[in-house]
Each structure stands twice: as C-alpha cells, then as structure tokens.
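Chemist:
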Amino acid sequence: MRVAENVYAGGRTAPGEVRDAVRIRPATARDAEAVTNLFLASRAAAMPYLPRVHSDEDTRAWITHVVLPTSTAVWVAEEVGDDVAGEVVGFAVLAGDDELDHLYLRPDSLRRGIGSRLLAEVRGAVKGPLNLYVFQRNAAARAFYERHGFTAVGFDDGGRNEENEPDVLYRWEP
631 MRVAENVYAG GRTAPGEVRD AVRIRPATAR DAEAVTNLFL ASRAAAMPYL PRVHSDEDTR
691 AWITHVVLPT STAVWVAEEV GDDVAGEVVG FAVLAGDDEL DHLYLRPDSL RRGIGSRLLA
751 EVRGAVKGPL NLYVFQRNAA ARAFYERHGF TAVGFDDGGR NEENEPDVLY RWEP
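With the sequence shown counted from 1, adding 630 to any position gets you our numbering.
1) How about the segment 672 to 687 and the segment 699 to 711: do they share at least three Cβ pairs that are nearer than 8 Å?
2) At a cut of 8 Å, does the segment 719 to 734 reach the segment 745 to 757 through at least three beta carbon pairs?
3) Which residues in the same chain as E729 place their Cβ atom closer than 8 Å to its Cβ, once the five residues preceding and following it in sequence are excluded?
4) Would DSSP call N794 helix, strand or coil?
5) Please classify G784: is it buried, with 16 or more other beta-carbons within 10 angstroms of its beta-carbon, or exposed?
6) Could you give the distance in angstroms between the alpha-carbon of M677 and the alpha-carbon of D688?
7) Tell me which residues share the same chain as R753 and place their Cβ nearer than 8 Å to its Cβ, disregarding the 5 neighbours each side in the sequence.
8) How would you write the range of the alpha helix (DSSP H) that I744 sits in, first residue to last?
9) Would you list the residues sitting across from R653 in a DSSP beta bridge?
10) From the DSSP output, in three-state form, read off F780 for me.
11) Rounded to whole angstroms, what's the CA-CA distance from L799 to A782? Just pull it up for me.
12) Taking buried to mean at least 16 other C-beta atoms within 10 Å of its own C-beta, is T666 buried or exposed?
13) How big is the Cα-Cα spacing for V756 and G726?
14) Excluding five sequence neighbours on each side, which residues of the same chain lie with their C-beta closer than 7 Å to the C-beta of Y679?
15) Should R655 go down as buried or exposed, given a rule of 16 or more other Cβ atoms within 10 Å for buried?
16) Distance, Cα to Cα, A674 vs P737?
17) Secondary structure at L740, three-state DSSP: helix, strand or coil?
18) Counting along the chain, where does the alpha helix (DSSP H) carrying N667 start and finish?
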C-alpha cells in the first residue's frame with residue numbers, strides 16, 4: 631500500500647484505500663531519459679496514426695538539449711510512495727509567455743487528475759491567455775482541453791508541423 635504524505639492522491643478513494651500519490655515539480659536535466667520515454671510511449675499509444683519523423687535517439691537529444699534547457703518552464707509529475715522511486719508519469723512544457731507546447735501522460739496514468747494538475751501549473755505560470763495546438767484527430771486531447779475551458783480558434787491543414795497532420799489552435803482566457 632502506498633502512503634500519501636503531503637502530496638495529492640489522484641482521484642477519489644474509498645474509506646481506507648490509498649491511491650498512488652503524485653508530486654508535481656520542476657523538471658531537471660536528470661529527467662531527460664524519463665521524459666523522452668514517456669513522450670515516445672504516449673504518442674505511440676494515443677496517436678498511432680502519426681508518422682515517426684525522428685529516431686528515438688534524435689528525440690532524446692532534442693528533449694535533452696532543446697526542450698529541457700530552453701523552454702520557459704518544464705514540470706514533471708512523479709509518483710511517490712513506499713514502493714516507487716519518483717517514476718515520471720507526466721510532463722508539461724511552457725514555451726514563451728503563452729504556449730503550452732507539450733502535455734503528455736504515461737498511457738497507464740490517464741484519468742487520475744494528473745493532466746489537470748499539470749495544466750494548472752502551466753496556467754499559474756502565465757499572466758494572460760494560454761495557447762496550444764492539438765492534432766485534429768486527437769479527440770481525447772481535444773475533449774480534455776475543451777473540458778478545461780479552451781476554445782478552438784483556428785484550424786490548420788498540417789503544413790505548420792513536421793507530421794503534416796491537421797491541427798487545431800486552442801486558447802484559454804483567464
């Protein structure tokens with residue numbers, strides 16, 4: 631049984647039940663491998679239709695040398711408890727002053743409130759509207775953002791992304 635200390639226990643629990651606890655913290659360079667593995671696994675599970683335009687090694691180098699050191703902020707969600715050692719189960723990236731560039735969860739960590747908590751961290755770091763792009767076919771992500779108050783403000787034919795996949799620009803106004 632995992633014990634929740636001063637962290638959020640995902641979801642509602644029955645009396646006597648303790649759910650996995652998750653802590654949100656700023657990412658560090660040491661998180662590069664875990665973030666890369668999560669990114670690759672999440673995209674493969676949620677969007678199997680996407681072409682693989684980069685090797686795993688190139689993706690790892692991009693996250694290590696571009697995403698983590700040059701983004702405005704990067705957060706990771708990690709499980710904490712007696713039988714886990716800080717396993718990363720999600721991450722979010724803020725680019726510039728107002729763009730949620732990435733929010734990914736490990737496929738086995740969906741529907742636990744982790745994405746909502748990561749999104750709250752990003753919202754708390756911006757001073758005004760928050761923008762993001764989602765692939766049009768990613769119905770689950772689109773529904774998630776719409777539940778959290780984002781509105782579709784533009785549609786693209788895919789020419790702006792490497793995958794050439796049509797996407798949607800969403801905006802949230804505080």
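Glycine included, every Cβ here is placed at the ideal spot set by N, Cα and C. Since this is a predicted model, take the numbers as computed values, not measurements.
Modeler: Taking the definition as stated:
1) no
2) yes
3) L760, N761 and L762
4) coil
5) By the neighbour-count rule (16 or more Cβ atoms within 10 Å), G784 is not buried but exposed.
6) 19 Å
7) L760, W802 and P804
8) I744 to A755
9) E708
10) coil
11) 6 Å
12) It is buried - the Cβ of T666 has at least 16 other Cβ atoms within 10 Å.
13) 9 Å
14) R767
15) exposed
16) So the two alpha carbons sit approximately 9 Å from each other.
17) coil
18) Under the DSSP assignment, N667 falls in the alpha helix (DSSP H) whose first and last residues are A662 to A676.
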